Amino acid sequence: MDTTSSVIAFALYLLALNPEAQNKLRREVDVCIKENGPKPSMDVIDKLQYLHGVVSEALRIFPPASRLERETTEDYILGNTGIKVPKGCVVAVPVWAIHHDPQYFPDPDSFKPERFSKDNVDSIPPYVYLPFGAGPRNCIGVRLGLRAVKMALFHSICNVEFVRTAKTEVPLELFKDFGAISSSDITVGVRKRTS
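Under my numbering, the residue at position 39 of the sequence shown is numbered 387, and the numbers go up by one with no gaps.
Set out below in structure tokens:
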């Protein structure tokens, strides 16, 4: 599974279902192009806050992996609980469940890029947003993947509109393949920009 193309597809699906968010992103992209030209640097694109929120929220709703697994290399005692995790034990972190837990993300099935704005991001507790894992064993391609997704969305949203069609599934039928989240068919309409 190509996670970069999956994230792009899920993000475009969410934007097609949420035209207000798509319009807000388009306004941010339009301002960026007006100030920096049609081919801004990646450093400029990285500073687009709403684009960051759209990508982060798409990764929260549709994380590339539904769970993360690690095998312990030595016995480990969990804090002062007295619980021992023995060497060789597989520890699974249920990313999908955490990302959809209303305790951490109120109204978890709604697409809200504002969750990841500068004003709100500090309200997300540590280690509950894990699309790439965390710590020294997180995804090695995180920066490259995020940049590819942001670049694709940036250049797509400035040229076309993504719309819901009669064939757009709501909700998507998802399946897990070796822990990865995917859909057999993500259909949205694409039309030339009208504004």
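No residue lacks a Cβ here, since even glycine has one placed at the ideal position from N, Cα and C. Just so we're clear, the structure is a prediction, and the values are computed from it rather than from any experiment.
- What three-state label does DSSP hand Val-439 in the structure shown? strand
Val-536 beta carbon less than 9 Å from that of Pro-367:
no
### Query
In the DSSP assignment, what are the bridge partners of Gly-481?
Pro-479
- Message: Give me the DSSP bridge partner(s) of Ile-425.
- Response: Lys-432
For Tyr-398 versus Lys-372, is the C-beta spacing smaller than 9 Å?
yes
Opposing strand residues paired with Ser-389 [DSSP bridges]
None; Ser-389 has no bridge partner.
Practice problem: State buried or exposed for Val-443, treating a residue as buried only when at least 16 other CB atoms are found within 10 Å of its CB. | Solution: buried
Rounded distance between the beta-carbons of Ile-446 and Leu-478, thought under 8 Å
7 Å
- Query: Secondary structure at Val-489, three-state DSSP: helix, strand or coil?
  - Reply: Contrary to the premise, residue 489 reads as Gly rather than Val in this sequence. Of the three classes helix, strand and coil, the one that applies to Gly-489 here is coil, per DSSP.
Residues in its own chain within less than 8 Å of Arg-463 by CB, not counting five upstream and five downstream?
-> Gly-401, Ser-404, Glu-405, Arg-408, Phe-453, Val-469, Ile-472
(Q) I need the boundaries of the alpha helix (DSSP H) containing Arg-408, first residue and last residue. (A) 397 to 409
request  = Give the DSSP-derived three-state secondary structure of Phe-358 in the structure shown.
outcome  = helix
Per DSSP, which one or two residues make a beta bridge with Lys-460? Its beta-bridge partners do not exist; DSSP assigns none.
Contact check, Thr-542 vs Ala-364, beta carbons under 9 Å:
no
Check: Between Val-438 and Glu-417, what straight-line distance do the alpha-carbon atoms span, to the nearest angstrom?
Finding: 6 Å
Determine whether the beta carbon atoms of Val-361 and Ile-534 lie at a separation below 9 Å.
Just to set this straight, residue 361 is Tyr in the shown sequence, not Val. Yes. Within cutoff.
| message | Looking only at its chain, what residues have a beta carbon closer than 6 Å to the beta carbon of Ala-357, apart from the 5 residues adjacent to it on each side? | response | Ile-534
Arg-415 to Phe-523 span [Cα, whole Å] = 13 Å
Phe-410: which of Leu-492, Phe-459, Met-499, Cys-380 sits nearest, CA to CA? Phe-459
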